[in-house]
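Sequence lines, in order, name chains A and B. Under this note's numbering, think of the first position of the first sequence as 1, with each following residue one higher. Under this note's numbering, think of the first position of the second sequence as 1001, with each following residue one higher. Every residue, glycine too, gets a C-beta built ideally from N, C-alpha and C. In this text, all values refer to a predicted model and were calculated from it rather than measured experimentally.
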Amino acid sequence: EPEVTQTPSHQVTQMGQEVILRCVPISNHLYFYWYRQILGQKVEFLVSFYNNEISEKSEIFDDQFSVERPDGSNFTLKIRSTKLEDSAMYFCASTPGGRNTEAFFGQGTRLTVV
Amino acid sequence: GEDVEQSLFLSVREGDSSVINCTYTDSSSTYLYWYKQEPGAGLQLLTYIFSNMDMKQDQRLTVLLNKKDKHLSLRIADTQTGDSAIYFCAEKRKGYSTLTFGKGTMLLVSP
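Below, the structure is given as structure tokens:
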């Protein structure tokens, strides 16, 4: 069964460093998303991406965040100058298309900023 | 605004039925979802229901939707220890492609 894959599963970084979280969405999907879950809190939407551009973003997705689809398969989230409060589980998701289909999530990358 | 609320914890014995409840506030929700998260793992889509339905059954899972009260429930029949996990309710609002999640309900199944 096709699935969304994320790498790495766990990343530890020093405060102020840049990190890139990687995702390979399901191959025929058109919409891609990043969500995050701070420990003990809700899963929160960060950004959605369609047709090589951001289609929606939340208040959390400020200038320190960026997304990119560098090739036909990867979808990345870059966090510049990480802060302690960026420590969270980051989930990538993809949907086949349109607005009324289910989202498939990856296993997540646990980011720990020290 | 929109919010999705769930009770935080449910404990049941193996073999019993579990009912996890969720309330939402946005009447424009089109789809409502249940995701399962096992310890250290990602979000697994269990089932979803379209807002014009009031019930959906899938093997041991039954989803009930009361649109008037904006109340969604997930019933797990014959609960097993492997069902122990956090269950997230999520809604998709009309015109948006993103999901709004609740905080999750931790289900603990004891032998």
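Query raised in the report: From what residue to what residue does the beta strand (DSSP E) around ASN1021 (chain B) run?
Result: 1018-1024
Query raised in the report: If you count every other CB in all the chains shown that lies within 10 Å of the CB of VAL1019 (chain B), and 16 or more means buried, which is it?
Result: exposed
Query - Span separating the alpha-carbon of GLU1091 (chain B) from that of LEU1099 (chain B) - result: 6 Å
Requested in this report: Starting from the C-beta of LEU1045 (chain B), find all residues in its chain whose C-beta is less than 7 Å away, skip the five residues before and the five after it, and write them out in chain order.
Outcome: TYR1033, TYR1035
Requested in this report: Check whether the Cβ of LYS1103 (chain B) lies closer than 8 Å to any Cβ atom in chain A.
Outcome: yes
Query - Close Cβ partners of ASP86 (chain A) (< 7 Å) along its chain, the five nearest in sequence each way excluded - result: ILE79, LEU111, VAL113
Requested in this report: Identify whether THR82 (chain A) lies in helix, strand or coil by the three-state DSSP scheme.
Outcome: coil
Query - THR109 (chain A) - partner residues in DSSP beta bridges - result: A:TYR90
Requested in this report: Note down, in chain order, each residue of its chain lying with its Cβ closer than 6 Å to the Cβ of SER1028 (chain B), except the 5 sequence neighbours on either side.
Outcome: ARG1093, LYS1094
**Report entry** Segment contact, 8 Å Cβ cut-off, at least three pairs: the segment 24-33 of chain A with the segment 43-60 of chain A
**Finding:** yes
Report task. Please decide whether TYR90 (chain A) counts as near chain B, where near means a Cβ-Cβ distance under 8 Å. Result -> no
**Report entry** Distance, GLY1102 (chain B) Cα to GLY40 (chain A) Cα
**Finding:** 11 Å
Query raised in the report: When the distance is taken between beta carbons, is SER9 (chain A) closer than 8 Å to CYS107 (chain A)?
Result: It should be pointed out that residue 107 (chain A) corresponds to Gln in this sequence rather than to Cys. Yes, they are a contact pair.
Query raised in the report: With 8 Å set as the bound, which would you pick, yes or no: does the beta-carbon of GLY1042 (chain B) sit closer than that to a beta-carbon of chain A?
Result: yes
**Report entry** Partners in chain A for ARG1088 (chain B), counting only beta-carbon separations shorter than 9 Å
**Finding:** The amino acid occupying residue 1088 (chain B) in the given sequence is Phe; Arg does not appear at that position. Ordered by position in chain A, the residues that pass the 9 Å Cβ test against PHE1088 (chain B) are LYS42, VAL43.
Query - Chain-order list of residues whose beta-carbon lies under 8 Å from that of VAL19 (chain A) (same chain, five-residue window excluded) - result: GLN11, THR13, LYS78, ILE79, THR82, LEU111
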